[in-house]
Amino acid sequence: MNEFTALAISFLGITTVRKFRAHFGVSPFICYLVWWLLAKAKKLPTGAKPIHLLSALMFMKVYSSEAVLSSKVGMDEKTYREWNWQMVGSIASLAPDVIKWRGNFDVLPGFDTSISVDCTDVPINEPPCPLRECWYSHKLNRAGLRYEIALSIIDGDIIWANGPYPAGRWPDIKIFRHRLKHFMREGERAEADKGYRGEPHHISAPDDCHNYKQRNVKSKIRNRHETVNKR
Numbered sequence: 001m002n003e004f005t006a007l008a009i010s011f012l013g014i015t016t017v018r019k020f021r022a023h024f025g026v027s028p029f030i031c032y033l034v035w036w037l038l039a040k041a042k043k044l045p046t047g048a049k050p051i052h053l054l055s056a057l058m059f060m061k062v063y064s065s066e067a068v069l070s071s072k073v074g075m076d077e078k079t080y081r082e083w084n085w086q087m088v089g090s091i092a093s094l095a096p097d098v099i100k101w102r103g104n105f106d107v108l109p110g111f112d113t114s115i116s117v118d119c120t121d122v123p124i125n126e127p128p129c130p131l132r133e134c135w136y137s138h139k140l141n142r143a144g145l146r147y148e149i150a151l152s153i154i155d156g157d158i159i160w161a162n163g164p165y166p167a168g169r170w171p172d173i174k175i176f177r178h179r180l181k182h183f184m185r186e187g188e189r190a191e192a193d194k195g196y197r198g199e200p201h202h203i204s205a206p207d208d209c210h211n212y213k214q215r216n217v218k219s220k221i222r223n224r225h226e227t228v229n230k231r
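Numbering-wise (full-length UniProt numbering), the sequence shown opens with residue 1 and increments by one.
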């Protein structure tokens with residue numbers, strides 16, 4: 001049992017990895033790894049403790065009111081808010097060290113795709129501006145920001161993160177054409193859903209297959225990507 005598991009038991013009575021993930025979005029081991037990476041890079045806020053990392057992860061995963069979440073970790077709302085944004089900023093600063101575009105990815109036997117790509121929308125408060133439709137996400141049915149995520153097909157690692165974009169103004173294919181397309185090698189293609197039609201030299205669509213086995217593998221790749229996006 002690591003310190004993060006002990007804290008989850010102490011404050012929330014969490015005794016299983018499934019419940020830990022439901023509250024914090026990751027496993028106790030990943031919590032430990034994030035803490036270690038922050039400490040190694042000297043990016044931990046002064047005075048930070050493991051409970052502050054847990055509270056920030058719960059804030060991002062559960063996204064309830066400060067009054068509710070602060071009470072769960074034994075902090076007043078002001079302290080909770082200050083530590084949350086410090087820790088969220090520190091976690092975000094790790095992205096360039098963790099999410100790396102290697103530019104040379106292996107492909108599955110019988111396929112010409114080495115990565116999968118899809119966009120995920122994150123809800124935001126309605127912006128106080130006249131162009132509200134530019135923020136509207138049809139996926140969320142409310143205002144949102146859109147991020148493009150790419151995974152390595154072989155190992156499932158996140159190797160690309162691009163955004164944010166106003167969800168109502170930037171469809172998935174437009175975001176792909178804006179940046180990721182220009183990083184791909186000649187002849188390299190990405191596995192993607194129907195929202196990426198129009199780029200046959202760079203995108204392998206769901207129906208771009210020759211038999212049931214290929215269709216099944218392609219479906220599993222997209223399902224894995226959806227799971228990553230939901231987290």
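A virtual CB, placed ideally from N, CA and C, is assigned to each residue, including glycine.
Judging by CA-CA distance, which residue of the options is the nearest neighbour of residue i?
{"i": "Asn229", "options": "Ala161, Arg185, Arg197 and Arg189", "result": "Ala161"}
{"i": "Arg169", "options": "Trp135, Met184 and Asp157", "result": "Trp135"}
{"i": "Ser10", "options": "Lys72, Leu37, Phe29 and Leu33", "result": "Lys72"}
{"i": "Cys119", "options": "Glu66, Asp155 and Phe176", "result": "Phe176"}
{"i": "Phe183", "options": "Arg102, Ser55 and Arg21", "result": "Arg102"}
{"i": "Leu145", "options": "Ile154, Ile153 and Arg132", "result": "Arg132"}
{"i": "Asp157", "options": "Gly13, Thr227 and Ala8", "result": "Thr227"}
{"i": "Ile153", "options": "Pro164, Asp97, Lys220 and Ala92", "result": "Lys220"}
{"i": "Lys43", "options": "Asp97, Pro166, Pro200 and Asp155", "result": "Asp97"}
{"i": "Arg185", "options": "Asp208, Val68, Phe20 and Asp106", "result": "Asp106"}
{"i": "Cys209", "options": "Gly110, Arg231 and Asp155", "result": "Gly110"}
{"i": "Ile124", "options": "Ser70, Tyr63 and Ala67", "result": "Tyr63"}
{"i": "Leu33", "options": "Tyr165, Asn211, Leu94 and Leu12", "result": "Leu94"}
Look up residue i in the DSSP assignment and give the residues it is bridged to.
{"i": "Ser10", "result": "In the DSSP output, where bridge partners are listed per residue, Ser10 has none listed."}
{"i": "Ser204", "result": "Glu191"}
Taking the CB atoms as reference points, tell me whether residue i and residue j lie closer together than 8 Å.
{"i": "Leu108", "j": "Glu148", "result": "no"}
{"i": "Leu151", "j": "His225", "result": "yes"}
{"i": "Ile159", "j": "Lys100", "result": "yes"}
{"i": "Glu3", "j": "Pro45", "result": "no"}
{"i": "Arg215", "j": "Ala205", "result": "no"}
{"i": "Val88", "j": "Met60", "result": "yes"}
{"i": "Gly187", "j": "Asp172", "result": "no"}
{"i": "Leu7", "j": "Leu38", "result": "no"}
{"i": "Ile91", "j": "Ala41", "result": "no"}
{"i": "Ile14", "j": "His23", "result": "yes"}
{"i": "Gly25", "j": "Arg222", "result": "no"}
- Query: Is there contact here, the stretch 104 to 116 with the stretch 191 to 204, by at least three beta-carbon pairs under 8 Å?
  - Reply: yes
- What beta strand (DSSP E) runs, 3 residues minimum, are completely inside the stretch 105 to 150? 113 to 123
- Message: For a minimum of 3 consecutive residues, which ranges assigned as the beta strand (DSSP E) are wholly contained in the stretch 148 to 193?
- Response: 158 to 166 and 189 to 191
- Query: Which whole runs of the alpha helix (DSSP H) in the stretch 43 to 70 are 4 residues long or more, in chain order?
  - Reply: 50 to 62
- Are three or more beta carbon pairs between the stretch 72 to 92 and the stretch 138 to 145 nearer than 8 Å? no
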